[in-house]
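Residue 53 in our numbering sits at position 48 of the sequence shown; the count goes up by one each step and never skips.
Cβ atoms here follow ideal geometry from the backbone N, Cα and C, with glycine treated the same way.
In what follows, a single structure is set out as structure tokens and then discussed.
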Amino acid sequence: MTKLQKSLQTKPTSVTIDSSDTDNRLSYYLNDFISAYFNFSDDGNTQTEQTKKLNSFYNFEPDIKSQGQLKTASSLESSKLITLNNKSALYQVTYKQKNGDNTEEITTGFNIPYGQKGGKYYISGLPWFSTLTSNQATSFDKKDDLKLTASDNFSTTTHKKLTKFLNVFFTNYTSDQDNLDLISKNLVVLDDTEFKSIDYTYFKQNGKSVIAYVQVTFAIAGNTHSENFTLTLIPKGKSYYVSSLTHTIPQNYATEKGE
6 MTKLQKSLQT
16 KPTSVTIDSS
26 DTDNRLSYYL
36 NDFISAYFNF
46 SDDGNTQTEQ
56 TKKLNSFYNF
66 EPDIKSQGQL
76 KTASSLESSK
86 LITLNNKSAL
96 YQVTYKQKNG
106 DNTEEITTGF
116 NIPYGQKGGK
126 YYISGLPWFS
136 TLTSNQATSF
146 DKKDDLKLTA
156 SDNFSTTTHK
166 KLTKFLNVFF
176 TNYTSDQDNL
186 DLISKNLVVL
196 DDTEFKSIDY
206 TYFKQNGKSV
216 IAYVQVTFAI
226 AGNTHSENFT
236 LTLIPKGKSY
246 YVSSLTHTIP
256 QNYATEKGE
């Protein structure tokens with residue numbers, strides 16, 4: 006027996022399972038439960054099968070004391086996971102509910118208690134509905150608002166030269182990788198994007214380089230949108246070279262001093 010054969014026989018093999026595998030399986034499981042809960046037919050025979058499927062998710066079929074519960078036809082439109090801990094999950098659920106002759110669209114919080122046994126999952130109790138709260142922060146200090154109103158002190162000639170270069174740069178940034186490589190460092194061309202216009206510029210001297218704060222309009226499949234950029238321009242021959250690019254303009258761009 007060769008050394009290699011001995012090594013293959015004696016060397017233990019270990020398999021590492023990423024924790025994200027468990028999260029993905031749980032997500033699929035909870036999505037299936039949500040679908041079973043909110044997709045409910047108005048046909049009696051179908052309802053019986055749907056109820057049986059829904060109850061199969063529980064470790065024990067829920068003990069429902071109410072004898073007058075009414076469940077009308079409904080259909081799930083969408084669901085988004087909001088929070089998840091080791092006992093329950095909160096989803097934002099949108100569904101359509103039949104109400105008499107009308108159909109209402111409802112968006113609500115839907116909480117699902119769950120457990121795990123033998124590497125598999127079960128619903129551990131009745132789910133409950135809750136009011137969703139907005140995650141949008143409010144009451145901002147106006148001094149932090151970015152306003153693109155400042156004017157730089159560059160001469161008209163220099164300003165035109167810089168703007169001309171930026172037009173060349175953004176044209177190649179959205180069309181030609183080879184040309185982009187000649188005028189910038191480590192940037193990748195934007196596919197399926199068309200450069201439309203430069204809408205704002207503010208230039209600042211920073212030693213031998215120029216910092217350019219720029220807002221640009223692009224088009225993708227006919228739809229236009231604006232993006233902000235901060236670029237460092239280094240003189241190269243009679244033109245410039247982009248040594249760095251970030252996708253933002255700082256709030257204090259007009260007051261921040263160059264080096």
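| query | DSSP on G123, reduced to helix/strand/coil? | reply | Position 118 of the sequence shown, counted from the start, is the residue given in the question as residue 123. Coil, per DSSP.
| Does DSSP classify A142 as helix, strand or coil? | Within the sequence shown, the letter at position 137 stands for residue 142. Residue state, collapsed to three classes: coil.
| query | What residues match up with E66 in a beta bridge as DSSP calls it? | reply | Your numbering for residue 66 matches position 61 in the sequence shown. The partner list for E66 (beta bridge, DSSP) is empty, contrary to what the question assumes.
| said: Suppose the cutoff is 8 Å on Cβ atoms and the five residues either side in sequence are ignored; what does the same chain contact list for T179 look like? | reply: As a first step, residue 179 is located in the sequence shown; it is residue number 174 there, counting from the start. V194, L195, T198, E199, F200, F223.
| request: Please specify which runs of the alpha helix (DSSP H), each continuous and at least 4 residues long, are wholly inside the region 177-231, giving them in chain order. | output: Runs of alpha helix (DSSP H) with 4 or more residues, each lying fully within the region 177-231, are found at 182-188, listed in chain order.
| task | Please confirm whether Q97 and I111 have their CB atoms less than 8 Å apart. | result | Numbered from 1 along the sequence shown, position 92 holds the residue referred to as residue 97. Numbered from 1 along the sequence shown, position 106 holds the residue referred to as residue 111. Annotated as distal: Q97 and I111, with beta-carbon spacing of 8 Å or more.
| field | Sequence-distant residues of the same chain with beta carbon closer than 7 Å to Y100, five excluded per side | value | Your numbering for residue 100 matches position 95 in the sequence shown. Answer for Y100: F43, S79, S80, L81, E82, I111, listed in chain order.
| field | Continuous beta strand (DSSP E) stretch holding T99: start and end | value | Residue mapping note: residue 99 aligns to position 94 of the sequence shown, counting from 1. Residue range 93-104 is occupied by the beta strand (DSSP E) that includes T99.
| query | Considering only residues of the same chain and omitting the five flanking positions on each side of S214, which have a CB-CB separation below 8 Å? | reply | Taking the first residue of the sequence shown as position 1, residue 214 is located at position 209. In chain order, T237, L238, I239, P240, S248 place their CB closer than 8 Å to the CB of S214, counting only its own chain and leaving out the 5 sequence neighbours on each side.
| field | CA-to-CA distance, N233 to K152, given in whole angstroms | value | Counting from one through the sequence shown, the residue named residue 152 turns up at place 147. Counting from one through the sequence shown, the residue named residue 233 turns up at place 228. Distance between the alpha carbons of K152 and N233 is about 12 Å.
| Residue of N172, P255, N36 minimising C-alpha distance to D149 | Translated into positions along the sequence shown, residue 149 becomes position 144. Considering only N172, P255, N36, the residue with the shortest C-alpha distance to D149 is P255.
| message | Would the region 138-146 count as touching the region 117-127 if we require 3 or more Cβ pairs under 8 Å? | response | At 8 Å Cβ cutoff, the stretches do not touch.
| query | Is Y274 near Y63, with beta carbons less than 8 Å apart? | reply | The structure shown has nothing for residue 274, since the chain only spans 6 to 264.
| Excluding sequence positions up to five away, which residues of its chain have a Cβ less than 7 Å from the Cβ of L185? | By one-based count along the sequence shown, residue 185 stands at place 180. If we look at L185 and ignore the five residues flanking it on each side, its Cβ neighbours are N177, Y178, L192, V194.
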